[in-house]
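Report on the following structure.
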Amino acid sequence: MRILLQPAFILHRRPYRDSSLLLEVFTREHGRLGLVARGAVSPRSRLKGLLQSFTPLLLSWTGDGDLATLSGGEEAGLPVPLLHNRALAGLYINELLVRLLPRRDAQPGLFTAYEVLLADLAIVADEEPPLRRFEKRLLEELGYGLSLDREVASGMPIAAEAHYRYVLDQGPLMVDQTQTGVPISGRSLLALRDGMLNDPAVLKEVKRLTRAALAEQLQGRALKTRELYRIKREG
Amino acid sequence: MMASPLLNQLMAALRCLPGVGPKSAQRMALHLLERDREGAGKLIEALRIALDRIGHCRLCRDLSETEICTLCTHPNRDPALLCVIETPADVLAVEQSTSFQGRYFVLMGHLSPLDGIGPAELGLEILETRLDEGEIREIILATNPTVEGEATAYYIAELARERGIRATRIAHGVPLGGELGYVDGGTLAHAFAGRREV
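Those protein sequence lines, which keep their order, are chains A and B. 36 is the number of the first residue of the first sequence in this note's numbering; add one for each residue after it. 1350 is the number of the first residue of the second sequence in this note's numbering; add one for each residue after it.
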């Protein structure tokens, strides 16, 4: 199979052999896949400066196994300037995608969400709201979307002033219905549903919820990028 | 060709070197055995001694035969300037072509969460101890201009900032003798962002 100039982002790259790279890429129409970029870091390679994360690319490749061979690439736009902690945020999302997205499973909607996320990360003052919106979207695409509309036992709409406990494989329950789950206010559930995450208190609750939901997907494997955050905040 | 088992073993061993495929391994092995047995002996001895004696400098993590390397103990190097760099090969490059007269700290890589390389793997605790000692006034971040290199530089800059130490980043831009039309967009954007007064 030969694919030409497919919109893509690089999620991860690691050196391979002498002058080649193993790339983990996220493409619009072919989902996540592994590519070998032969000779990509040799001094004469045209692709050397190009194959970086957070740069919109058009990639061509051949082969349909688990690892295809990169046959060409062009930039599709300027690299998104993610500086400092924004770069850490970007690496965090890339790690999530590498860990959670199945290979060769097209998710054009998520690809668009990723483009929006990067654009947001480059300009917003606080990187947390776009991260939470993307995490919510990622969970939806994985088939484990959060239910943010109704209390599951009664079927009643979520009330902003009520308090709930979110039980992961069920949904939000009134506080008195259960002892387990992530405690969260109705206001935060609605805010996450609408993607309006400006209030710090809401953000904190929402973060706890998405983190618990992602942890379930990650099946106990810790995210390395989070370590960078943790140490930084402590320091 | 059916080579002897020992010859096969030698060729397989040579292939651990970068850029050496089956064909070159065969040439090397035959050359050593047929034409240069003395050279092979020297090679064995040099490898043995190097493996035995070369470790990492306790201060800068660069390769060194002594506990503290010659660069770290050299009296003419400015102890207030510290250049943080990814690999020993990068140290050689800077030494050969710049007039940098400070000292180094070699990370032996860059932060790469997906490969399991975090602050501990880069010896950042050793770096923090050095920063705490108070002798360093400026830290020059010479990690590679890749996404991971930038993240690493930022992380270390934060460590410096917390201690009130100046952190600078090496410039990125158009290579000397290069033509703008052939430079990739990212580099050119960097070159414009980092322009300076003439």
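Each residue gets a CB set at the ideal place from its N, CA and C atoms; glycine is no exception.
Quick one: is LEU153(A) near chain B, going by C-beta distance under 7 Å?
no
Residues bridged to GLU59(A) by DSSP?
HIS47(A) and GLY69(A)
I believe VAL1433(B) touches PHE1454(B) by the beta-carbon criterion, under 8 Å. Please report the beta-carbon distance rounded to the nearest angstrom.
Contact annotation, VAL1433(B) with PHE1454(B): C-beta distance approximately 5 Å; criterion of less than 8 Å satisfied.
PRO165(A) and LEU152(A) look like a contact to me (Cβ under 8 Å); what is the Cβ gap, rounded to whole Å?
5 Å
Pull up the CB-CB distance for LEU1456(B) and GLY1472(B), whole angstroms please, since I reckon it's below 8 Å.
7 Å
How would you write the range of the alpha helix (DSSP H) that GLY1388(B) sits in, first residue to last?
1386 to 1402
Report buried or exposed for GLY216(A), applying the criterion of at least 16 other Cβ atoms within 10 angstroms of its Cβ.
buried
Kindly list, in the order they appear in chain B, the residues whose Cβ is closer than 7 Å to that of LEU123(A).
Annotation: Cβ neighbours of LEU123(A) in chain B (cutoff 7 Å, chain order): ALA1500.
The beta strand (DSSP E) that contains GLY108(A), what's its start and end?
102 to 110 is the span of the beta strand (DSSP E), which, as asked, contains GLY108(A).
How is HIS97(A) classed by DSSP in three states: helix, strand or coil?
The amino acid at residue 97(A) is misidentified as His; the sequence shows Thr. Here THR97(A) sits in strand by DSSP.
Given LYS267(A), which residues of its chain have a CB within under 7 Å of its CB, disregarding the five upstream and five downstream residues?
Because the pLDDT of LYS267(A) is 49, which lies under 50, any placement of that residue in the model is unreliable, and the number read from its coordinates should be weighed accordingly. Excluding residues within five positions, none has a Cβ falling inside 7 Å.
At a CB-CB cut-off below 7 Å, which residues of chain B make contact with ILE53(A)?
Note that residue 53(A) corresponds to Asp in the displayed sequence, not to Ile. Result: PRO1367 and GLY1368.
Within its chain, find whatever has a CB closer than 8 Å to the CB of PRO143(A); leave out the 5 residues flanking it on each side and keep chain order.
ARG63 and GLU64
On the CB-based measure, 16 or more other CB atoms within 10 Å of its CB, does ALA156(A) come out buried or exposed?
The amino acid at residue 156(A) is misidentified as Ala; the sequence shows Leu. LEU156(A) should be labelled buried.
Output the distance between the C-alpha atoms of ALA250(A) and ARG256(A), rounded to the nearest integer angstrom.
8 Å
So the alpha helix (DSSP H) THR231(A) belongs to, where does it begin and stop?
In the sequence as presented, Thr is not what sits at residue 231(A); that position holds Met. Where MET231(A) is concerned, there is no enclosing alpha helix (DSSP H), given that its DSSP letter is neither H nor E.
For a cutoff of 7 Å on Cβ pairs, would you count ALA1438(B) as touching chain A?
no
Please classify LEU118(A) as buried or exposed, where buried requires at least 16 other C-beta atoms within 10 Å of its C-beta.
Exposed is the call here.
Should the region 52 to 60 of chain A be called in touch with the region 73 to 83 of chain A, which here means at least 3 C-beta pairs below 8 Å?
yes
Quick one: which chain B residues come within Cβ less than 9 Å of SER88(A)?
THR1495, VAL1496 and GLU1497
Listing by chain order, which chain B residues have their CB less than 7 Å from the CB of PRO137(A)?
Simply none; closest approach about 17 Å.
Express the C-alpha separation of ARG48(A) and PRO1424(B) in angstroms, rounding to a whole number.
Between PRO1424(B) and ARG48(A), the C-alpha separation is close to 40 Å.
Just the chain A side, please: which residues come within less than 9 Å of ALA1538(B) by C-beta, in chain order?
LEU113, PRO114 and PRO116
What number of angstroms, rounded off, separates the C-alpha of TYR83(A) from the C-alpha of ALA1500(B)?
First, the residue type needs correcting, since residue 83(A) is Lys and not Tyr in the sequence shown. One C-alpha to the other measures close to 19 Å.
Please name the residues in the region 62 to 86 of chain A whose beta-carbon is closer than 7 Å to at least one beta-carbon of chain B, in chain order.
GLY84 and LEU85
Considering only C-alpha positions, which residue in the set PRO1524(B), GLU1507(B), LEU1379(B) and GLU1444(B) is nearest to ARG1518(B)?
GLU1507(B)
Determine, using beta carbons only, whether GLY230(A) and ILE193(A) come nearer to each other than 7 Å.
Their beta carbons are not under 7 Å apart, which means GLY230(A) does not touch ILE193(A) by this criterion.
What ranges does the alpha helix (DSSP H) occupy inside the region 1354 to 1378 of chain B, keeping only unbroken runs of at least 4 residues that lie completely in it?
For the region 1354 to 1378 of chain B, whole alpha helix (DSSP H) runs of length 4 or above, ordered along the chain, are 1354 to 1363.
Spatial neighbours of SER95(A) within its chain, please: C-beta separation below 8 Å, excluding the five flanking residues on both sides.
ARG37, ILE38, LEU39, LEU40, GLN41, LEU105, SER106, GLY107 and GLY108
Smallest Cα separation from LEU224(A): which of PHE146(A), LEU253(A), GLU186(A) and ARG81(A)?
Ranking PHE146(A), LEU253(A), GLU186(A) and ARG81(A) by Cα distance to LEU224(A) puts GLU186(A) first.
Secondary structure at GLY1543(B), three-state DSSP: helix, strand or coil?
Per DSSP, reduced to three states, the secondary structure at GLY1543(B) is coil, with no helix or strand assignment.
Using a Cβ cut-off of 7 Å, pull out every chain B residue sitting near LYS239(A), in sequence order please.
Here the premise fails: no neighbours, minimum Cβ distance about 23 Å.
Answer yes or no: does any C-beta atom of chain B fall closer than 7 Å to that of VAL133(A)?
Yes, because at least one Cβ of chain B sits closer than 7 Å to the Cβ of VAL133(A).
Measuring alpha carbon to alpha carbon, tell me which of GLY1535(B), ARG1402(B), PRO1468(B) and LEU1408(B) ends up nearest PRO1428(B).
LEU1408(B)
To the nearest angstrom, report how far apart GLY1388(B) and LEU1381(B) are at their CA atoms.
GLY1388(B) and LEU1381(B): Cα-Cα distance of roughly 7 Å.
Does DSSP classify VAL159(A) as helix, strand or coil?
Here VAL159(A) sits in coil by DSSP.
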